[in-house]
Amino acid sequence: EFSRDMMIEGAPGSTARDQSRAKVDKLAEMKHYGLHRHFTGGTSVVMFGGGMKKGFVYGKTADERPLVAVENPVTIRDLHATIYTAMGINPKTVYEIEKRPFYATHDAKGEAVTELFG
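Everything in the sequence shown is counted per the working numbering, starting at 967 for the first residue and increasing by one.
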């Protein structure tokens, strides 16, 4: 049952500041990482269950500043579409309530990252 599955991510829609005071090109010491270790251009999401591949890593962030996604970046829209797909819900689903459309994903534009499913 899907209710036993879990996903971990940062707060959707929030922007974290890079709080490092030591601006360097290569991260060599702990002080280079910033107060809360926030890097605004890259993040990680752990997903399991719901048909996800086991032990699979998708995408990559740069090893050096600015720690941005350098391989297979995934938007929040696409992340949400992937979650809906895992739940068996078409991410293009639209409900009309009081003559206004309500989309499963933002404007029904998210695309599921199908490479994550095994």
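Yeah, the Cβ is synthetic: ideal placement off N, Cα and C, and Gly gets one too.
Between the alpha carbons of residue i and residue j, how many angstroms are there, rounded?
i, j, result
"Y1061", "T1048", "19 angstroms"
"G1054", "P1039", "23 angstroms"
"V1079", "I1042", "11 angstroms"
"A1074", "T1059", "7 angstroms"
"E1077", "V1023", "18 angstroms"
"H1072", "R1066", "14 angstroms"
"N1056", "Y1050", "7 angstroms"
"L1045", "L1033", "20 angstroms"
"E1030", "V1011", "20 angstroms"
Could you please give the first and the last residue of the uninterrupted beta strand (DSSP E) stretch that includes residue i?
i, result
"Y1024", "Note, Y1024: premise wrong, no beta strand (DSSP E); not H, not E."
"M1013", "V1012 to F1014"
So residue i and residue j are supposed to be a Cβ contact under 8 angstroms. How far apart are they, rounded?
i, j, result
"G1025", "A1035", "6 angstroms"
"G1084", "M1013", "About 12 angstroms separates the two Cβ atoms, so there is no contact after all."
"T1027", "G1008", "4 angstroms"
Among the options, which residue has its Cα nearest to the Cα of residue i?
i, options, result
"L1082", "F1068, A1052 and G1008", "A1052"
Residue i lies in the alpha helix (DSSP H); which residues open and close that run?
i, result
"I1055", "Neither: I1055 is in no alpha helix (DSSP H) and is coded neither H nor E."
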